[in-house]
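Undergrad: Below is the structure I would like to discuss, written out as structure tokens.
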Amino acid sequence: MKSQQAFMVEVTFYSNARKTVPEAGYRPHFVMELDEDREYLGVEIYDIEVDTLDSTGYAMCSFLYEQEDVGYSKIQPNKSFKVMEGASVVGRGKIVSFHL
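No gaps in the numbering here: position 55 of the sequence shown is 37 in the numbering used here, and each next residue is one more.
Written out as structure tokens, the structure reads:
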């Protein structure tokens, strides 16, 4: 079940990992930088303003799950993350802010 918690990220997707910029509805995992557990955190990008691969833009995201055992508390403003598709890093970004 999708959570109502929304947040903005600054994100870049890599041309060597993706053929196109993702569209709204994209559901990758974020792995927070410096997270020793490398926990995959499911998110949905529901609004995205990234024009081309390898360029930085902004996206609005929400938590994909509402389970208490998912470590969404790791997602904090100014924290960096990797965008994952399976075991592949397809981009990087930073949490900008939360909108309740």
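Backbone N, C-alpha and C define an ideal beta-carbon position, used for all residues, glycine too. Keep in mind that this is a model prediction, so the values were computed, not measured.
For Val71, is the classification buried or exposed, using 16 other Cβ atoms within 10 angstroms of its Cβ as the cut-off for buried?
TA: In the sequence shown, the residue the question calls residue 71 occupies position 89. Exposed is the call here.
Undergrad: Could you say which of Asp17, Glu67, Glu5, Val32 lies nearest to Tyr54 if we only look at CA atoms?
TA: Along the sequence shown, read from residue 1 onward, the residue named residue 54 stands at position 72. Ranking Asp17, Glu67, Glu5, Val32 by Cα distance to Tyr54 puts Asp17 first.
Undergrad: So, with DSSP's three-state summary, where would you put Lys1?
TA: Translated into the one-based positions of the sequence shown, residue 1 becomes position 19. Lys1 falls in the coil class under three-state DSSP.
Undergrad: Which first and last residues belong to the beta strand (DSSP E) in which Lys64 is found?
TA: Translated into positions along the sequence shown, residue 64 becomes position 82. Looking at the DSSP string, the run of the beta strand (DSSP E) that includes Lys64 is 62 to 67.
Undergrad: Taking only runs of the beta strand (DSSP E) that begin and end inside the stretch 7 to 53, which ones reach a length of at least 3 residues, in chain order?
TA: If we require 3 residues or more, the beta strand (DSSP E) runs fully inside the stretch 7 to 53 come out as 11 to 14, 23 to 31, 38 to 45.
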